[in-house]
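Asks:
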Amino acid sequence: MSAKLYVLISGYQTIAKKKLLSTAEANQKIYIPVPYFLLDLGSDKILIDTGISENSNSAGALSDNSSVAEDGNPIKALHKIGIEQKDIKYIIHTHLHFDHAANTKYFPNSEVIVQLSELRAAFSDDPLIKHGYVEDDIRYSSIKWQPITSMRSLFGNRVFILPTLGHTPGHQSLLIRLKNYGNVIIAGDAAPLKDNIEKNIAPGVASNPDEAFYSIKSLKEFAYFENAQIWYGHDPEFFKNVNLSPEYYD
Ligand SMILES: [Zn+2]
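Taking our numbering, the leading residue of the sequence shown gets 1, the next gets one more, and so forth.
(1) Please tell me whether V7 and L244 are closer than 7 Å, where the distance is taken between their beta carbons.
(2) Tell me which residues share the same chain as Q146 and place their Cβ nearer than 7 Å to its Cβ, disregarding the 5 neighbours each side in the sequence.
(3) From what residue to what residue does the beta strand (DSSP E) around K199 run?
(4) Keeping to the same chain, check which residues put their C-beta closer than 8 Å to that of S218; ignore five residues upstream and five downstream.
(5) With respect to 6 Å, is the separation between the Cβ of H97 and the closest non-hydrogen atom of ligand 1 below this value?
(6) By DSSP, does F107 sit in helix, in strand, or in coil?
(7) Between G156, H171, F123 and E247, which lies nearest to S207 when the distance is taken from Cα to Cα?
(8) For D44 and Y248, I'd like the C-alpha separation in whole angstroms.
(9) Sorted by chain position, which residues of the same chain lie with C-beta nearer than 7 Å to I230's C-beta, five sequence neighbours on each side aside?
(10) So which of Q115, R120 and K130 has the shortest CA-CA distance to T149?
(11) I need the boundaries of the beta strand (DSSP E) containing L174, first residue and last residue.
(12) How long is the line joining the alpha carbons of A16 and I92, rounded to whole angstroms?
(13) Looking only at its chain, what residues have a beta carbon closer than 8 Å to the beta carbon of E25, apart from the 5 residues adjacent to it on each side?
(14) Using only the alpha-carbon positions, how far apart do L78 and Q85 sit?
(15) Under 6 Å: does the beta carbon of D137 sit that close to some heavy atom of ligand 2?
Structural data, given as structure tokens:
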């Protein structure tokens, strides 16, 4: 079957815009969606990130004016489109910040693909490196981590993983090949907003600001080379115009 890409919204947060765009004014706030994605390749069903959680410890990390959406429970959200938790063979994480990984623990049957450097950062003892991760969400022996290093072509070259380090030590973006819609790059927090790409500005939250800046350049080069559309991580205007699950892109 041809690939189907579903967009789900786990919730919303109001945060300092500077966290997403390093040049924003210190007092500027932005209301952002927190998405995750399902890629249905027929026999292989893959979650891309798992969002913030309805009742997980990550709730403590949420800012004021945050809310968990109806699809914040991925098991219920997937059930609505006829997919059960056990059907999810893989989870691919852009990174392990709490708003991207809170529900991973609910998928003990899935292999969880993440950069090795990201895993190390998430479980680091260094409080500076650990910022943004909620270890209680991801320290489950049932999670089947499948660490990778660098780039990877997966599922018959229908998914390509491009490391886009800098927001976190092991951030990665994904290129997905869709037959009708064309190529999509899930940028994640390497480019949370359209302005990161259009104006070459790194996110303010960055474990390595230089790397974060060069990852934006890489994303643009990659998008040009692959004739792909970049889907920004949390851009409110962008997600206003996206077709959400149960609709999909194929
Ligand atoms: Zn992040």
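Positions of the beta carbon are idealized from the N, C-alpha and C atoms, including for glycine.
Replies: Concretely, from the data shown:
(1) yes
(2) E111, V112 and I113
(3) K199 -> no beta strand (DSSP E), and no H or E assigned at all.
(4) L162 and T164
(5) yes
(6) coil
(7) H171
(8) 16 Å
(9) I185, A187, A191, I197, L219 and A223
(10) Q115
(11) Q172 to L178
(12) 27 Å
(13) K17 and K18
(14) 7 Å
(15) Among the ligands in the structure shown, ligand 2 does not appear; only ligand 1 can be found there.
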